[in-house]
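K.L.:
Residue numbers (the working numbering): 107 to 210. Glycine is no exception: its CB is placed at the ideal position from the N, C-alpha and C atoms. Here it is, the structure, as structure tokens.
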Amino acid sequence: MITVDDLADVRTGDKGDTLILAVIARDRRAYDHLVESLTLDRVVAHFGNRTTRSPRRTLQENLTAMVFELPGQLGGGVTGSAELDGHGKTLSYHLLGLAVSNGN
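Structure (structure tokens):
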């Protein structure tokens with residue numbers, strides 16, 4: 107098995123209580139693999155049951171990237187959260203550890 111970390115880099119940000127994850131594939135082959143294996147349902151399940159509203163995955167094919175928006179993951183947002191990481195910056199490492207099939 108390989109992980110997201112083997113195929114891409116991840117950057118995170120926030121908008122209110124919404125965690126935003128940008129997954130930037132290292133090349134076209136990695137992107138194609140991630141489009142197939144890194145589905146919205148898999149990412150939402152990986153982050154547990156904290157997503158409170160409709161999540162979204164947006165493909166950015168020209169950048170070989172995808173963006174996930176997970177509302178509710180930040181527990182109220184930067185100013186309203188008791189979370190240690192209200193911006194969600196460390197949550198990129200959580201996604202990097204997600205195993206994806208090796209394509210064989």
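#1: Quick one: what's got a C-beta closer than 7 Å to glycine 178's C-beta in the same chain, skipping five residues either side?
#2: Return the chain-ordered list of same chain residues with a C-beta closer than 8 Å to the C-beta of glycine 203, the five sequence neighbours on each side being excluded.
#3: Taking Cβ to Cβ, would you say valine 116 is nearer than 7 Å to methionine 172?
#4: Quick one: measure Cβ to Cβ for isoleucine 126 and glutamate 167, integer angstroms, because I've assumed they're closer than 8 Å.
#5: Let's test the definition: count the other Cβ atoms within 10 Å of the Cβ of alanine 151 and tell me whether it reaches 16, buried, or not, exposed.
#6: Could you please give the first and the last residue of the uninterrupted alpha helix (DSSP H) stretch that includes glutamate 142?
P.N.:
Reading off the structure:
#1: Asp123, Arg156, Thr157, Thr158 and Arg159
#2: Thr109, Val110 and Asp111
#3: no
#4: Not really, about 18 Å apart at Cβ, beyond 8 Å.
#5: exposed
#6: 134-143
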